[in-house]
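Using the numbering used here, you'd call the opening residue of the sequence shown number 73 and step up by one each time.
Every residue, glycine too, gets a C-beta built ideally from N, C-alpha and C.
In this text, all values refer to a predicted model and were calculated from it rather than measured experimentally.
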Amino acid sequence: MSGRDIYGGDIFSGHSRAAKRTVPAVPAERDLVVEDAASGFCGAVVGFDRSYDGEFVKLEDARGTVRLFALREAAFLIDGEPVTLVKPAATAPRQPTRSASGSTRVEGLRARVARGSRIWVEGVHDAALVERVWGHDLRVEGVVVEHLEGLDNLAQRLTDFEPGPGQRVGVLVDHLVTGSKETQLTTGLGPYVLVTGHPFIDVWQAVRPAAVGIEAWPTVPRGEDWKTGICRRLGWGTPQEGWRRVYNAVESFRDLEPPLIGAVERLIDFVTEE
């Protein structure tokens, strides 16, 4: 009879020393503190690296020393217990839940069929900034923004458009202050036309100075072209170059002054009112 048979089978079967100990796999999330079992180096996870030898984890200790350690089985300790570090599973980037205007973003948006109502703005820069911040909202509501190419065209455009029920017009005006030419051109236009605006000379000035990296918008004397004067005083080159700076500085409503934000919001509410 063999040695195995004397004991009715494998003499080590079921022995505690024969059972392989299970070492848990732990995702090496950033800032997780672990100890390298071989060297005793203790540090927080700060990144990863790859070479022909395989994957490595970067650990940074309390003195700022960073060392690389191979991601091998049971090579690390957490609270004195062996673990196997593994790279965290890649996660898809979170989609923003808010639009640039601060409203709730509608996922999988298909633009609504355009309403009969319109929002008119004075120029292409006004239209571009409105689209940059409120474009998502306007597509949800089916509102088209058109530019007037100057406020002097407003009366003729209204005559051609014939505002009425279901065909309202909201007008965004620069430099809308009491006693200005803009105020005189935008009064008494009827119940289906709403004119709002901001007090700034140009829509550029409705962008917060901090957003474009300046302390304040310079003062340009009356009679001098405002955009040209601004660019000259700020060293921005031509007005075209200046506009690129202004446009690229705006990422959301937080980069705009409150009067412009309030004016556009009122227009959207007006032209979408059933």
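Residue pairing by DSSP places Cys114 opposite Glu107 in a beta bridge. Counted as a single uninterrupted DSSP element, the alpha helix (DSSP H) harbouring Arg316 occupies residues Pro311 to Ala321. DSSP, read as helix, strand or coil, puts Trp308 in coil. Ranked by how close their Cα comes to the Cα of Lys299, the residues Val178, Glu203, Ile273 and Pro154 have Ile273 in first place. Ile340 is positioned such that its CB atom lies closer than 8 Å to that of Glu213.
Relative to Arg190, the option among Gly112, Glu203 and Gly242 whose CA is nearest is Gly242.
Ala321 and Val193 have their C-alpha atoms spaced approximately 20 Å apart. Rounded to whole angstroms, Leu140 and Val117 show a C-alpha spacing of 10 Å.
Taken atom to atom, the span from the alpha-carbon of Arg326 to that of Phe233 is near 34 Å. Secondary structure at Val212: helix, using DSSP grouped into helix, strand and coil.
Contact annotation: Ala278 and Leu328 have beta-carbon atoms nearer than 8 Å.
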